[in-house]
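Just so you know, the sequence shown maps onto residues 0 to 97 in numbering that gives the first Met the number 0. Backbone N, C-alpha and C fix where the C-beta goes; we use that ideal spot for every residue, glycine too. Predicted model only: the values in this text are computed from it and were never measured. Working notes, structure below.
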Amino acid sequence: MTIYHIVLIKYIAGATQSQKQAWKDGITALSSTIPQIKEILSGQKLSHVKDGGWNDGVIMKFDNEDDLKVYVDATPHKDYQRATAEQTADKLIFDIKV
0 MTIYHIVLIK
10 YIAGATQSQK
20 QAWKDGITAL
30 SSTIPQIKEI
40 LSGQKLSHVK
50 DGGWNDGVIM
60 KFDNEDDLKV
70 YVDATPHKDY
80 QRATAEQTAD
90 KLIFDIKV
């Protein structure tokens, strides 16, 4: 079964455009070092009255739960989390099995 891993982020107040771009570039680059990521969807946020204040997000596609677990524990993923922690005020992770 396919797994969709949805990541939403709220940036800290005062996060620079450069920091925001670094978050997006870093997360979308993970597929080049973690082969279990089959696809990453990323684009421009469309504001909605019920968006909960989330600033950005991506959707990752995995073939199965085992691949998702490999990604979660992968060194490049952990490195990315440390590198972007400074501009991250909050994150929401939501996984869907299809």
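Have a look at the options and flag the residue whose alpha-carbon is nearest the alpha-carbon of residue i.
i          : options           : result
residue 28 : 68, 39 and 51     : 39
residue 94 : 66, 33 and 87     : 66
residue 96 : 88, 89 and 63     : 63
residue 42 : 14, 34, 31 and 20 : 20
residue 69 : 12, 11 and 33     : 33
So for residue i, helix, strand or coil by DSSP?
i          : result
residue 6  : strand
residue 52 : coil
residue 77 : helix
In terms of DSSP beta bridges, what is residue i paired with?
i          : result
residue 95 : 3
residue 89 : 9
- Given 8 Å, three or more beta-carbon pairs between the stretch 45–62 and the stretch 3–23: Flag = yes, the stretch 45–62 and the stretch 3–23 touch.
- Message: Three or more C-beta pairs under 8 Å: does that hold for the stretch 9–20 against the stretch 72–80?
- Response: Flag = no, the stretch 9–20 and the stretch 72–80 do not touch.
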